[in-house]
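Okay, so the sequence shown: first residue is 1002 according to my numbering, each after it adds one.
The beta carbon of each residue, even a glycine, is placed where N, CA and C say it ideally should be.
Below: one structure, written as structure tokens.
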Amino acid sequence: MKVIIINGSPRRKGITAAILHEIERGLSVKGIEVMFYDLDAIKMAHCLGCCSCFQSGHCCIKDDAEKLSEQIAEADGVILGSPTYASNVSGLMKDFIDRGHFVIEQLLHGKYCITVSTGENYGNRDTSKVLGRLVVYSGGCICDSIVVKAPFETATLKDPQKRNGSDKEERKSICSKAAEKMIREMKQRKKHPLQNLQHFIVLNIGIKPFVKKKGIAYQGVVEKWRKMGI
Ligand SMILES: Cc1cc2nc3c(=O)[nH]c(=O)nc-3n(C[C@H](O)[C@H](O)[C@H](O)COP(=O)(O)O)c2cc1C
1002 MKVIIINGSP RRKGITAAIL HEIERGLSVK GIEVMFYDLD AIKMAHCLGC CSCFQSGHCC
1062 IKDDAEKLSE QIAEADGVIL GSPTYASNVS GLMKDFIDRG HFVIEQLLHG KYCITVSTGE
1122 NYGNRDTSKV LGRLVVYSGG CICDSIVVKA PFETATLKDP QKRNGSDKEE RKSICSKAAE
1182 KMIREMKQRK KHPLQNLQHF IVLNIGIKPF VKKKGIAYQG VVEKWRKMGI
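As structure tokens, then:
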């Protein structure tokens, strides 16, 4: 089984990364193949809004964002982490959401996901909702949502492992439980009836009629759905 972890914070040693690496450890010790990506480290242009991907099935910009979407398409699990910026995901994460073929192309179809949002003060639950909606609308299901409130300064320490004791222990336990839950659910192919219902409504009432109306302009999308059995 393969899991892709995406860190949407520009701070590679920040709190979001620390939490994601903790989950990575929990998965790796159980033999799961994990690939960790800092969005800050990849080559990723903004979406141009040309919509050519809907027709061709591929983005016209050939950079790392496109390769990362291909990796996600082949994974069993995906973990999305973002700091809260103005009560929303970071700009980096938003760029990847725009480039990543998520909702219309159902990139997360059948995948098990964890969302991680961090914030200092207020709004990290909004960030969690944005990521959660993205997962469900894209056909995935959420095994766990981790929401962490942490002071900005503590996250600037060079070694994120050196942060204060009790918080660190608590976070470790949350992360290892989330990793275990994800592994269990991936193995059992656990169903999430409420999330599945929400997805069914969004796909069949919102997305499918819209795509059908677009005809040839969205033939790349329909072809991808056909391959996925949607
Ligand atoms: C541009 C910017 C905007 C932010 N906006 C919020 C916010 O609206 N609410 C909040 O709680 N924290 C906000 N923060 C603080 C970060 O979300 C928080 O410190 C986060 O945990 C940092 O994660 P990182 O260490 O992984 O980068 C903001 C930080 C920055 C740099």
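Report the rounded CA-to-CA distance for residue i versus residue j, giving the unit in angstroms.
| i | j | result |
| --- | --- | --- |
| Phe-1055 | Arg-1172 | 40 Å |
| Gly-1009 | Ala-1046 | 15 Å |
| Phe-1211 | Gly-1221 | 14 Å |
| Ser-1070 | Gly-1101 | 5 Å |
| Leu-1204 | Ile-1006 | 25 Å |
| Thr-1116 | Lys-1068 | 21 Å |
| His-1059 | Glu-1106 | 10 Å |
| Asp-1064 | Val-1004 | 21 Å |
| Gln-1162 | Ala-1019 | Confidence is the limiting factor: at Gln-1162 the pLDDT is only 46, short of 50, which leaves the residue's position unreliable and the question unanswerable from this model. |
| Gly-1050 | Phe-1097 | 13 Å |
| Ala-1179 | Cys-1142 | 14 Å |
| Gly-1120 | Arg-1190 | 32 Å |
| Gly-1207 | Glu-1170 | 43 Å |
| Gly-1140 | Asn-1122 | 31 Å |
| Ile-1033 | His-1110 | 20 Å |
| Lys-1213 | Val-1223 | 8 Å |
| Ser-1118 | His-1193 | 21 Å |
| Ala-1076 | Cys-1114 | 11 Å |
| Asn-1089 | Ile-1202 | 25 Å |
| Leu-1198 | Lys-1215 | 25 Å |
Would you say the beta carbon of residue i comes nearer than 8 Å to a heavy atom of ligand 1?
| i | result |
| --- | --- |
| Asn-1125 | yes |
| Phe-1201 | no |
| Val-1149 | yes |
| Thr-1116 | no |
| Ile-1016 | yes |
| Glu-1121 | yes |
| Tyr-1086 | yes |
| Phe-1037 | no |
| Phe-1097 | no |
| Ser-1146 | no |
| Pro-1011 | yes |
| Phe-1055 | no |
| Pro-1152 | yes |
Using only CA atoms, which one of the options lies nearest to residue i?
| i | options | result |
| --- | --- | --- |
| Gln-1035 | Ala-1042, Lys-1044, Glu-1023 | Residue 1035 is actually Val in this sequence, not Gln. Out of Ala-1042, Lys-1044, Glu-1023, Glu-1023 has the C-alpha closest to the C-alpha of Val-1035. |
| Tyr-1138 | Leu-1040, Glu-1071, Met-1002, Lys-1112 | Lys-1112 |
| Cys-1144 | Gly-1216, Cys-1060, Gly-1078 | Gly-1078 |
| Gly-1038 | Ala-1066, Asn-1089, Ile-1105 | Note on residue identity: the sequence assigns Tyr, not Gly, to residue 1038. Looking at the Cα atoms, Ala-1066 is the closest of the given residues. |
| Ile-1011 | Ala-1087, Ile-1080, Met-1094 | According to the sequence as given, residue 1011 is Pro; it is not Ile. Selected option, being the one with the closest Cα: Met-1094. |
| Trp-1226 | Ser-1177, Gly-1133, Phe-1103, His-1193 | Phe-1103 |
| Cys-1052 | Gly-1133, Ala-1218, His-1110, Lys-1014 | Ala-1218 |
| Lys-1044 | Asn-1125, Ile-1062, Arg-1126 | Ile-1062 |
| Asp-1152 | Cys-1142, Gly-1141, Ser-1146, Asp-1168 | The identity of residue 1152 in the sequence shown is Pro, whereas the question assumes Asp. When only C-alpha atoms are compared, the closest one is Asp-1168. |
| Ala-1042 | Ala-1076, Val-1223, Lys-1014, Ser-1118 | Lys-1014 |
| Leu-1040 | Ser-1091, Gly-1140, Lys-1214 | Ser-1091 |
| Gly-1124 | Cys-1048, Asn-1197, Ser-1174, Thr-1085 | Thr-1085 |
| Ala-1087 | Leu-1081, Arg-1126, Leu-1198, Gln-1196 | Arg-1126 |
| Ser-1174 | Ile-1147, Leu-1135, Ile-1231, Gln-1196 | Ile-1147 |
Does the distance from the C-beta atom of residue i to that of residue j stay below 9 Å?
| i | j | result |
| --- | --- | --- |
| Val-1149 | Ile-1016 | yes |
| Met-1187 | Met-1002 | yes |
| Ser-1057 | Thr-1128 | no |
| Asp-1099 | Cys-1048 | yes |
| Ile-964 | Leu-1021 | The chain is shown only over 1002 to 1231; residue 964 falls outside these bounds and no answer can be derived. |
Quiz item: Okay, do the segment 1025-1045 and the segment 1168-1184 touch, 3+ Cβ pairs below 8 Å being the bar?
Solution: Counting C-beta pairs with one atom in each stretch, the segment 1025-1045 and the segment 1168-1184 have three or more that are closer than 8 Å, which means they touch.
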